[in-house]
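J.: Sending over a structure as structure tokens; questions will come in a sec.
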Amino acid sequence: MTQRHGLALPASLTDEIRDCGYFPELIAGALAQAVGDEVIEHHLVHHEATFNHEEIQRHLTVLAVTPTRLVVGHTDENEAPGEPGQALTTTESVALSGITAVSLSQVVSHPQHYGSRRAKVVETWLTIGWGSLRRIDLEPASCGDPTCEADHGLTGMLSADDLTVRISAAADGESKVRDLIAFGTVLQLTTGRNR
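So the sequence shown is numbered by this note's numbering: it starts at 104 and just counts up by one.
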């Protein structure tokens, strides 16, 4: 259990971080430092592997909701050939009142049977925006006339996309999909109340 100012991270969070087997003391320590004396009310741990040429690199994201903030922790391997192993850990703190959007997308198998055991959420994404990053998707504009060759400029969409977490049943397990849905729902309700 990681101690911080006389308080401890929730045992369930500490256990999840430890179960990932990926620098648990470093990750728990960085999170405890960022959270300070606040209580963690809800959390999500997502461990993923990415493939980079001939090696596998691990990445761990920890999301924690306190009464006033969303604390986001990211830890990556930072290996360099011929040098001792390194890890890069970053924590970011966002006021709940500063979160501008929380989007929860779910891919459901057998949607015609929703509400029964036959329908399952097989993949889900949680996207959280707070105005730090914006993404612009541009495409050529058209007038609707398929024979028109005039240049109508560009059209596009501007969206806040500060953080996206994707979890699938195939890669992460059904329980992690449920965890992401539960966390996303709590965050939607919490940020809605803080307006």
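Cβ coordinates follow ideal geometry from the N, Cα and C atoms, glycine included.
Here the structure is a predicted model, which means the values were calculated and not measured.
(1) Where Thr178 and Pro214 are concerned, what is the direct C-alpha to C-alpha distance, given to the nearest angstrom?
(2) Which of helix, strand or coil does DSSP assign to Ala285?
(3) How big is the Cα-Cα spacing for Pro299 and Thr267?
(4) So, with DSSP's three-state summary, where would you put Pro243?
(5) Using CA coordinates, which residue listed in Glu242, Val224, Leu241, Thr193 is at the minimum distance from Leu283?
(6) Counting Cβ pairs closer than 8 Å, one from the stretch 203-211 and one from the stretch 126-135, do we hit at least three?
(7) Using CA atoms only, rank isn't needed, just tell me which of Asp265, Asp275, Ala114, Leu112 is closest to Gly201.
(8) According to DSSP, is Thr293 helix, strand or coil?
T.: Based on what the coordinates show:
(1) Thr178 and Pro214: Cα-Cα distance of roughly 36 Å.
(2) In this structure, Ala285 counts as helix in the three-state DSSP scheme.
(3) The question about residue 299 has no answer here: the residues shown for the chain are numbered 104 through 298.
(4) Three-state DSSP puts Pro243 in a strand.
(5) Out of Glu242, Val224, Leu241, Thr193, the CA that lies nearest to the CA of Leu283 is found in Val224.
(6) Too few Cβ pairs lie closer than 8 Å, so no.
(7) Distance check between Gly201 and each of Asp265, Asp275, Ala114, Leu112 places Asp265 closest, using alpha-carbon atoms only.
(8) In this structure, Thr293 counts as helix in the three-state DSSP scheme.
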